[in-house]
Amino acid sequence: MNSRREFIKTTATGALILGSQTSLGLAAILDQKTQHAEAAKSKVVVARDPALHGPAGQLDDKRVIDLLDRAIAAYTGRDHPVEAWKRIVPIGKVIGLKTNGLGGKGISTHLALVLAIAERLQQAGVKPGEILVWDRNARDLEACGLTINTDPSRIRCFGSDVSGFEDQPISWGSASVKFSKILTRECDMVIGLPILKDHNLSGVTFSMKNMYGVVQRPFELHAGGCNPGVADLNRIPVVRDKVRFTIGDAMSSVYEGGPGFHPEHLWQPNALIVGEDRVAVDHTAWQIIERKRAEVGVPTLEAAGRPPLYIATAADAEHNLGFNDPKRINLMEV
Amino acid sequence: MPASGAVAGWEKTADTRVFDAKNLYQYIDGDAEQYISAGVVTTSTADYKYKGQLEATADVYTMGDAAGARKILETGQTKDAKAVQLGDAGVAYAQSVIFRKGPYLVRIVAFDSTPETPQALLALAHGIEAKL
C-alpha cells in the first residue's frame, strides 16, 4: 500500500476523502479536479482474493467483507474500516446502493457484498433507514438475493417500480431520460455496485453502464453501441453529482455473451474494483475483460465489433467525467 | 411451459412471463437487440427448481421463422458445446441447454453446476420440446 503521503499526493485532486467531512462536499472536489487536471491521476483499486470461491465454485461469503475492507483501506489510506468509511460517506444523508440484478441469479451483484457494505456504513454512523439498496425493480433485487423492504426504520430495499419515475425528462446530448425518483428524491449520494460483464452492444457493462438501470427507457440509449448514450447519461448533473463512488463487483463475471447469464462464459476474477472516477474504473474493468478474452482465445471486443467506445467519450473534453488514459490512472492492485 | 411435475423432479416456481419485442429489454436489456434483429415475436420465460434445490430459468423465444432461431443458436457457441438430440438442433453445456425447433429457440440455464445438472436440464428441455 502507498504511504499516507503518497496517497494524499496521488489522490489530491480526486479524493472524496478531502470533501467527505462536509455535507457532500464532493462538488468542491470536482472543481479542484478541473483546476488541477493536468497534475491529476485517478485512483483505482483492484483488490483480489484468489480463495474467494471454493473448489466447487461457491462464493465464500465470509471472505467478502475482508476483501471489501482491504479495497477500502487501500483506497482511503486508512486501515481501520470504520475510519475509512467515515471518509467516504456523509453522515445524516441517505446513501443509495445501486445494485445490478438484470442478469438474473447467476450474474448479479452479490448479496454478500451488499451486506458487507451495509454493515460498514452502519458502523460508520449511517442509520439503517438512511441506507437504500435499489435497482430497476423487485425482480432485479431479488436476483441479488435481496428482500424488498420499505420500512424506513430498517435498511430499505426497493426498485424504481415502487418509486416511479419523474414526469419530466432531463436531456444532455443524445440522452433524454426520465429518472427514477429514488435517484432524484431519495438519495443524497449513490454508491454504484455494478457487476462486471461483457455486453453485446456496449462491449463492457460496469460502472457507467449501470446507470441505465436508473432511467425509465434505457433501450433508447442503446444506439451506436451505447455510445454516446452511456457518456451522455452519466454527464447529466443528477448522475454526475450523486453517483460518487463505485465498489464494482468483479467477484464473478461473464467475458462473453453478456449482459445475460451465460454460464459457459462465467469466470471468477475474485476481485473488487473501487474508485470515484467511473471512467477510470470502467477502463480498468475493460482491461480485465480483455485479458480474460485473450486467455481463452476469444477475439478482442474491437474485433468482435463492440469496443466500449463510450469510455473514451466519457473522458473527452465535452464530457470530462474522468480519465481513460492509463497514464492518468493510479492503479493499485492489492 | 411444463407445469410442476410434468417433468420428473422439476417444479415450476413462478408464473410464466411473456414479453413482446418492444419490451424485451425489460427482461434482458442489451441482449434484446440480437433477438429483435433475428425477428423475435414473443419471449416466454419461467423459473424452475429441480428436486427443491437446483434453480433454473427456461426461455422460449418465438421467432418470425426458423431462420431466426437458427441464427441465434449458431451465435456464440464455444468449443465445449456438445451437440444434443433436441428439436431441429441443440447444444448443451455444463449448466445450460439451447435448442431450436421450427421458429422456436429455447434456452435453459441452471444457476449451479452439480453432477445432476446436465441430465436434469436435458429432461426439462425434452419436456419443453414436447409442448412446442
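Here the protein sequences line up with chains A and D, keeping their order. Quick note on numbering: this note's numbering labels position 69 of the first sequence as 142, and the sequence is numbered without any gaps. Quick note on numbering: this note's numbering labels position 17 of the second sequence as 28, and the sequence is numbered without any gaps. All C-beta atoms in this analysis are idealised placements derived from N, C-alpha and C, irrespective of residue type, glycine included.
| Check | Outcome |
| --- | --- |
| Which partner residues does W158 of chain A have in the DSSP bridge list? | Note: W158 of chain A sits in no beta bridge, so no partner. |
| Would you call the region 239-254 of chain A in contact with the region 142-151 of chain A, where contact means no fewer than 3 C-beta pairs closer than 8 Å? | no |
| Considering D261 of chain A, what are the terminal residues of the beta strand (DSSP E) in which it resides? | Where D261 of chain A is concerned, there is no enclosing beta strand (DSSP E), given that its DSSP letter is neither H nor E. |
| Please report the distance separating the alpha-carbon of Q37 of chain D from that of G174 of chain A. | 12 Å |
| Have a look at G165 of chain A and K159 of chain A and give me their C-alpha separation to the nearest angstrom. | 12 Å |
| Can you tell me where the alpha helix (DSSP H) with S325 of chain A in it begins and where it stops? | That residue, S325 of chain A, is in no alpha helix (DSSP H); its beta strand (DSSP E) goes V316 to V327. |
| Any idea which residues DSSP pairs E22 of chain D with across the strands? | D:K60 |
| Looking at the strands, I want to know which residues DSSP matches up with R111 of chain D. | D:A100 and D:L116 |
| DSSP three-state call for L65 of chain D: helix, strand or coil? | strand |
| Can a CB atom of chain D be found closer than 9 Å to the CB of H109 of chain A? | Reliability fails at H109 of chain A, whose pLDDT of 48 lies under 50, so the model's placement of it is uncertain and the value that follows must be treated cautiously. Not one chain D Cβ lies under 9 Å of H109 of chain A. |
| At the level of alpha carbons, what is the spacing between G130 of chain A and E391 of chain A? | 43 Å |
| What residue range is occupied by the uninterrupted alpha helix (DSSP H) comprising E406 of chain A? | Run containing E406 of chain A: none in the alpha helix (DSSP H); it sits in the beta strand (DSSP E), I402 to E406. |
| Can you find the residues in the same chain that come closer than 6 Å, C-beta to C-beta, to R118 of chain D, ignoring five residues on each side of it along the sequence? | D70 and I109 |
| Count the other CB atoms within 10 Å of the CB of M229 of chain A; is the residue buried (16 or more) or exposed (fewer)? | Contrary to the premise, residue 229 of chain A reads as Arg rather than Met in this sequence. Buried, by the Cβ-count rule. |
| Name the chain A residues that come within less than 7 Å of D42 of chain D, Cβ to Cβ? | N273, P332 and G333 |
| Given a cut-off of 9 Å on the beta-carbon distance, is the pair S226 of chain A and E259 of chain A in contact? | no |
| Please list the residues of the region 268-296 of chain A that have a C-beta atom closer than 8 Å to any C-beta atom in chain D, keeping them in chain order. | H272, N273, L274, S275, T278, Y285, P291, F292 and H295 |
| Taking three-plus beta-carbon pairs below 8 Å as touching, is the region 330-339 of chain A in contact with the region 176-186 of chain A? | yes |
| What are the uninterrupted segments assigned as beta strand (DSSP E) that are 3 or more residues long and contained completely in the region 244-315 of chain A, given in chain order? | 248-250, 262-265, 268-272 and 276-278 |
| Taking the alpha carbon of T54 of chain D as the point to measure from, which residue in D:A19, D:T68, D:D99 and D:L97 has its own alpha carbon closest? | D:T68 |
| Identify the continuous alpha helix (DSSP H) that holds R193 of chain A and give its terminal residues. | L184 to Q196 |
| Which chain D residues are close to L175 of chain A, counting only those with a beta carbon under 8 Å from its beta carbon? | I39 and D40 |
| At the 9 Å Cβ level, is P399 of chain A part of the contact set with chain D, yes or no? | no |
| When the Cα atoms are used, what is the spatial distance from L294 of chain A to F252 of chain A? | 13 Å |
| Check this for me: beta carbons of V347 of chain A and I168 of chain A, under 9 Å apart or not? | no |
| Which residues share a DSSP beta bridge with H126 of chain A? | A:L132 |
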